[in-house]
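Under our numbering, think of the first position of the sequence shown as -18, with each following residue one higher.
Heads up, the beta-carbon is just placed ideally off N, CA and C, and yes, glycines get one too.
Below is one structure, written out as structure tokens; comments come after it.
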Amino acid sequence: MPCLGDNNSRGRINWLVVTAWRRSGMVSRSVFVAAYPLVEQPAVLGGEPVRGPEKSWPRWPMYDAAELAAVHAVLESRKWFQGPRVARFEDAFARFQGARYCVACNSGTAALEIALQAVGVKPGDEVIVPPYTFVATVSAVLRIGAVPVFVDVDESWCIDPDRVADAVTPKTRAIVPVHFGGRICDMDRLKDIAADRGIKIVEDACHAWGGRWVGRGAGTLGDCGVFSFQESKNITGGEGGAIVTN
């Protein structure tokens, strides 16, 4: 979105030129959309910045007295392994997502490995995954000896159901749809494809806690779903993960 100048009798006017991108085959082309006169100068052109040096950007993760008190309570309990708070969290998270069961794990990566093995994926089996995801979606497949089969995403940034159907082979044992950025994949289509072929679905819902598809929580739409509580996630314990299932 470049800024253009226009000299006239009233002086220099800056315009914000807005462009959009259109994809044609493998080539993206910019398409002119509109231009708007700027009422205020952007900081890059000498205007006042939205945030000055005295106003810092928010930092993540955030915490307050409640988190400090919770950590202190665990330390004081001297029950640092298999303590009751994990069980309470499992119950609360299962209810929040609308699942019957939740099992806490030490990471979202571990949750993926466990879930894939739980649905019966064995060495040599094929698992369909999107290429647009965090590396753990693929490394979890490799770590259990299975073969990742990449299927591209559609315009939603989620795995393309049409391409999934074309990628299925007699060796396909599971599909791992990634609800990228919290946007739920087309689970109705994926479930139809999986049901017709006896394939399991393990949802990578690491971005999508709280997400819903036709009223049902992410992670409860396939055979099981996995979540991450790594530092960048909306709920973070620094690291951690969970599996939900019915």
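The Cβ atoms of G222 and F210 lie closer than 9 Å to each other.
In the assembly as shown, G126 is an exposed residue. Its beta-carbon has fewer than 16 other beta-carbons within 10 Å. Looking at the backbone, the Cα of S120 and that of F161 are separated by about 17 Å. In this structure A189 touches G163 by the C-beta definition: roughly 5 Å separates them, less than 8 Å. Of the other Cβ atoms in all chains shown, fewer than 16 fall within 10 Å of the Cβ of T150; this residue is therefore exposed. By the C-beta density criterion, A155 is buried, having at least 16 other C-beta atoms within 10 angstroms. Contact between V110 and V122 holds: CB atoms are separated by about 6 Å, below the 8 Å threshold. If you draw a straight line from the Cα of A175 to the Cα of D141, it is about 14 Å long.
Less than 9 Å divides the Cβ of V159 from the Cβ of C187. Under the criterion of beta carbons closer than 8 Å, G200 and A80 qualify as touching, at roughly 6 Å.
A straight line joining the alpha-carbon of V84 with that of V134 spans about 29 Å. Between the alpha carbons of I180 and T153 lies a gap of roughly 7 Å.
Annotation: T114 is outside any beta strand (DSSP E) and is labelled neither H nor E by DSSP.
Beta-bridge partners assigned by DSSP to C205: V183. From the listed residues V102, P39, W138 and Q98, the smallest Cα separation to F115 is found for W138. P129: member of the beta strand (DSSP E) spanning V128 to F131, first to last residue. Excluding the 5 residues flanking it on each side, I165 has same chain C-beta neighbours closer than 7 Å at A189, G192, W194 and A199, in chain order.
Sorting V130, L97, L171 and K214 by C-alpha distance to the C-alpha of V225 places L97 at the top.
Following the DSSP letters along the chain, one finds R69 inside the alpha helix (DSSP H) bounded by residues P65 to Q78. Look at R197 here: in three-state DSSP terms it is strand. Residue environment for V52: exposed (fewer than 16 other C-beta atoms within 10 angstroms of its C-beta).
Under the rule that a run must span 3 or more residues, the beta strand (DSSP E) segments found entirely inside the region 144 to 170 read 153 to 156.
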